[in-house]
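Reading through the structure tokens given below for one structure.
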Amino acid sequence: MKSGILWLYVVAVSVALSLPACAQTAGSAVDAEGHQWWQHAVFYELYPRSFADSNNDGVGDLRGIASKLDYLQSLGVDAIWISPCFPSPQVDFGYDVSDYENIDPMYGTLADFDDLAREAKKHNIRIILDFVVNHTSDQHKWFLDSKSSRASAHRDWYIWRDGKGPNQPPNNWVSIFGGSTWKFDPTTNQFYYHIFYPEQPDLNWRNPAVKDAMFDVTRWWYHRGVSGFRLDAVDTLFEDPNLTDNPITGPGKNAFGDPLEESKYNQKLPEVHDILRGLRQVADENNAVLIGETWTADIAELNKYYGKGNNELQLPMDFLFTTVNKLSPAEFRKQIAAVDSASGWPTFVISNHDIIRSYDRYGDGKHNDQIAKLMAALYLTLRGTPIMYYGEEIGMKTTPPVRQEDVKDPIGRRGWPKEKGRDGERTPMQWNDDANAGFSQAKPWLPVPPTYKTHNVAAESKDPNSILEFYRNLLKLRHTNPALLDGGYAALNENDPNVLSYLRTYKNQTVLVALNMSGSVQKVDFQLSHNGFSSAKSLLSTAKSSVSGDTVTLEPYGVFIGQLSK
Ligand code: GLC
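Here the sequence shown is numbered in our numbering, starting from 2 and rising by one per residue.
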């Protein structure tokens, strides 16, 4: 296939794009051009319940994480985002926080956290905590006081309203986790608002005391050595104070049997941006990063989270990328071009604790391991910051429960069988092929997927063709190659239905990435000599992919990453 590009135009665009892509406001730059540490870092989300269990109670913990720092460092991880490890009744597995300034005994102690922070620093790994900003647990002392009387000091820290009538909630809003967003509390004869479970009452961010207390939480952790936060569910912080009913969008029902409605009056309200600007100021004072759980419909919405002049979130996650649910070069091109044109630095995610793992989203059942490498080569070579999810680097498979009685995640219990919950993507990390995959000596809180026999850290470390070794080599390359770190992105061969290819160019360095998203061998003539390059040299490729002259040959789902020379 012939390259159909205007090569010179592409190179010119790439050089222009290689300038630091967003205006940097504060913090100490890591290079003369103003790049910040979080632009060069690879982040890794780990679910603490499932990573490593040091005390053999079947649930992972902080000491377990500390014991795996060598592994994380050797993988090429620069920062770990730990899903909530604060005291919690665990109704939503930690996303119901009952004390923001402590560690749940299930995970250890504050002293364990300090040890982890100290050891992580020695490994050049930063710690990012998960900040559940929208709601607390119903067991948080603020809520216990709030519900105790209409006159309590914390009454207005949450959202209390009278019902429309006996047993009638104040309006029609439905919870993301099913049912009404309102729960009646007989102590004071009012309803309180919860967009998630009833055990997760929403904070009233219109109250300045809430804002002060929550901002102080971030300071408290910054002083303890934390380098930033992943802000949970940020688009749910505010609600219309008039409680206007949401529009109903259709006749059907959702998986929980609730009416279909548009969350017009209780999500994505503009006031959220005032809070994000404030949190950013505190973050900047601490050279910290804010990552956002930002579900957006398009790039215009994503841009709002960067803020004007990039004064809100440095890394709002682009979940639109995860909505490309098939290996389609055209779809990925479209999505990459969109996020590449965003007003801030892109953030790429392909899996997390709430969504099906990329291994299953893209796997065809036959070439899954090859496709796992292909996806790694895609999101780890794009311009932007990648956030990995634990286990992705070994090809862990989403393994949902097969019987309702085994479901742990309450949304799975409630929505079964249409909604099986999120247990499948939260299973224990597969360290080796010993009992319980080396995660714990006790029965793990979720069953280990049968694939642990073949897909585990120990076995894959010994196999030069494993997914893990591919990740290691790729991350090593990414950390040392200026074009991959800072270079502009330019699409190539935009009409190719099988191969996604692009250039990353920084100053006089150009890297070509070619990804075969089809199940057949592909040969692509990149017309190197016509376009001012004398040759391409492989930097990292899958076993049967190579370059000869101007032509790159890619095996089914093969990857070629090469340096171009003039
Ligand atoms: C976020 C978390 C999810 C949690 C929800 C409620 O979406 O990622 O796991 O259940 O917030 O806190």
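All C-beta atoms in this analysis are idealised placements derived from N, C-alpha and C, irrespective of residue type, glycine included. Please read all numbers here as calculations on a predicted model, not as lab measurements.
query                                                                                                                                                                                 : result
By DSSP, does P387 sit in helix, in strand, or in coil?                                                                                                                               : strand
Taking only runs that begin and end inside the segment 256-309, name each unbroken alpha helix (DSSP H) of 4 or more residues, in chain order.                                        : 273-286 and 300-307
Tell me the rounded alpha-carbon separation between A289 and P199.                                                                                                                    : 32 Å
Give every residue of the same chain whose Cβ lies closer than 6 Å to the Cβ of G392, excluding the five residues on either side of it in the sequence, and list them in chain order. : M430
At a cut-off of 7 Å, is A234 close to the ligand GLC when judged by its beta-carbon and the heavy atoms of the ligand?                                                                : yes
Using a Cβ-Cβ cutoff of less than 8 Å, which residues in the same chain neighbour D71 once the five nearest sequence positions on both sides are dropped?                             : H124
Is any heavy atom in the ligand GLC found nearer than 7 Å to the beta carbon of E294?                                                                                                 : yes
Quick one: is E272 buried, meaning 16 or more other Cβ sit within 10 Å of its Cβ, or exposed?                                                                                         : exposed
Opposite Q191 in the DSSP bridges: which residues?                                                                                                                                    : D186
Looking at V273 and the ligand GLC, is the gap between the Cβ and the nearest heavy atom below 7 Å?                                                                                   : no
Where in the segment 468-498 do unbroken runs of the beta strand (DSSP E), each at least 3 residues long, occur, reported from the N-terminal end onward?                             : 489-493
For D163 and Q169, I'd like the C-alpha separation in whole angstroms.                                                                                                                : 9 Å
Here's the rule: buried if 16 or more other CB atoms are within 10 angstroms of the residue's CB, otherwise exposed. What is S566?                                                    : exposed
Would you say S389 and Y360 are within 8 Å of each other, going by their C-beta atoms?                                                                                                : This sequence places Met at residue 389; Ser is not what is there. Going by C-beta atoms, M389 is not nearer than 8 Å to Y360.
With distance defined between alpha-carbon atoms, name the residue in S542, L529, N499 and T386 nearest to V522.                                                                      : N499
If we count Cβ pairs, one from each stretch, closer than 8 Å, do we get three or more for the segment 308-321 versus the segment 348-355?                                             : yes
Excluding sequence positions up to five away, which residues of its chain have a Cβ less than 7 Å from the Cβ of N353?                                                                : E46 and Y390
Around the Cβ of E313, are there at least 16 other Cβ atoms within 10 angstroms (buried) or fewer (exposed)?                                                                          : buried
Between D93 and the ligand GLC, is there a pair consisting of the residue's CB and a ligand heavy atom that are separated by less than 7 Å?                                           : yes
Where do the ends of the alpha helix (DSSP H) carrying K165 lie?                                                                                                                      : First-last for K165: undefined, no H or E at that position.
From the DSSP output, in three-state form, read off T452 for me.                                                                                                                      : helix
When the distance is taken between beta carbons, is F230 closer than 8 Å to I129?                                                                                                     : yes
Work out the CA separation of D58 and A301 for me, nearest whole Å.                                                                                                                   : 46 Å
Decide yes or no for the touch test of the segment 403-420 against the segment 532-545: beta carbon pairs closer than 8 Å, at least 3 of them.                                        : no
State buried or exposed for I249, treating a residue as buried only when at least 16 other CB atoms are found within 10 Å of its CB.                                                  : exposed
Going by beta-carbon coordinates alone, are Y266 and T245 separated by less than 8 Å?                                                                                                 : yes
Please say whether F192 and W206 have beta carbons closer to each other than 8 Å?                                                                                                     : no
Compare the Cα-Cα distances from G180 to each of S138, D113, N255 and P450 and report the closest residue.                                                                            : N255
Any chance the CB of Q201 is under 7 Å from a heavy atom of the ligand GLC?                                                                                                           : yes
Give the C-beta separation of T400 and G425 to the nearest angstrom, bearing in mind that I take them to be a contact with Cβ-Cβ under 8 Å.                                           : 5 Å
In angstroms, rounded to a whole number, what distance separates the CA positions of G109 and K69?                                                                                    : 16 Å
Considering only the alpha carbon of each residue, which of V458, W174, D365 and L277 lies closest to N243?                                                                           : W174
Count the C-beta pairs between the segment 361-374 and the segment 326-345 that are closer than 8 Å, then say yes if the count reaches three, no if not.                              : yes
Between the beta-carbon of L261 and the beta-carbon of F132, is there less than 8 Å?                                                                                                  : no
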